[in-house]
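> Take the sequence shown: its position 15, counting from 1, is numbered 38 in the working numbering, and each next residue is one higher.
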Amino acid sequence: MTQRQIQLVQQSWLQVKPVAEQAGMIFYEKLFIEAPGVKHLFKNDLNGQADKLTRMLGYIVMRLNYLDDIVAEIEALGKRHKAYGAAPEYYDVVGNCLVATLRDGLAGKWNNELQDAWVTAFGILKSAMLKGY
Ligand code: HEM
C-alpha cells in the first residue's frame with residue numbers, strides 16, 4: 024500500500040468509528056444476503072460479533088504502517104477462523120460486503136481512490152489471515 028492509501032483508509036475509518044457497531048450490523052445484513060450459507064457459522068450474539076469485528080478492523084487499520092508488528096496476531100486470527108468454518112472462498116464476499124458497507128456509510132465522501140485503498144488493505148489482511156489458516 025502507498026502512504027497515501029494508508030492515510031485514506033485511516034481517515035475514512037475515523038469517520039466510521041463513532042457508528043462502527045451499527046456499520047458492523049449493516050455489514051452482516053449484507054453478508055447474509057450475499058452468502059446465506061455462512062449465517063449458520065455465526066452462533067453467538069451478532070451485536071457482540073459486530074463489536075469484535077469492528078474493534079479488530081480498527082486495531083489493524085490504525086497499525087497499517089507497522090504491519091510487521093502485528094502480522095503474527097493477524098495470522099493467529101486467521102488460524103482461529105479455521106475453527107469457525109470460515110473457508111478461504113468466503114473472504115472475497117466478506118471483503119466486498121465490507122467495502123459496500125463503507126461505501127454506503129461514507130456516501131458522498133466515497134470515491135474510486137478510496138475504494139482502491141480499501142480493496143488493497145483488505146487484500147493484505149486476507150493473505151495474512153489465510154497464511155494462518
Ligand atoms: C476481514 C477479515 C476478518 C476479520 C478482521 C475478522 C474478525 C473476526 C473477529 C475479531 C472475530 C471474533 C473472534 C476472534 O477474535 O477469534 C471473528 C469471528 C468470526 N468470524 Fe471473522 N473476521 C474476518 C473474516 C471472516 C470471514 C471471511 C469469515 C467467513 C464467513 C468469518 C467468519 C467468522 C465467524 C463464523 C466467527 C465466529 C462467530 C461466532 O462466534 O458466532 N470472518 N472474526
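Even glycine gets a Cβ: it sits at the ideal position worked out from N, Cα and C.
Do LEU54 and CYS120 count as a contact pair if the criterion is CB distance below 8 Å?
yes
> Would you kindly report the start and end of the unbroken alpha helix (DSSP H) that includes GLY81?
69-84
> DSSP on TRP36, reduced to helix/strand/coil?
helix
> Mapping the DSSP letters down to three states, classify THR25 as helix, strand or coil.
coil
> Say yes only if the C-beta of MET24 is nearer than 7 Å to one or more non-hydrogen atoms of the ligand HEM, and no if none qualify.
no
> When you compare only the Cα positions, how much space is there between ARG126 and GLN138?
For ARG126 and GLN138, the distance between alpha carbons rounds to 8 Å.
> Once DSSP output is grouped into helix, strand and coil, what is the label at GLY60?
Note: GLY60 maps to helix in three-state DSSP.
> Alpha helix (DSSP H) containing ASN135: first to last residue?
135-155
> Taking the continuous alpha helix (DSSP H) assigned at LYS204, which residues delimit it?
The structure shown has nothing for residue 204, since the chain only spans 24 to 156.
> Determine the closest residue to GLY131 out of HIS104, SER35, ALA43, with distance taken between C-alpha atoms.
SER35
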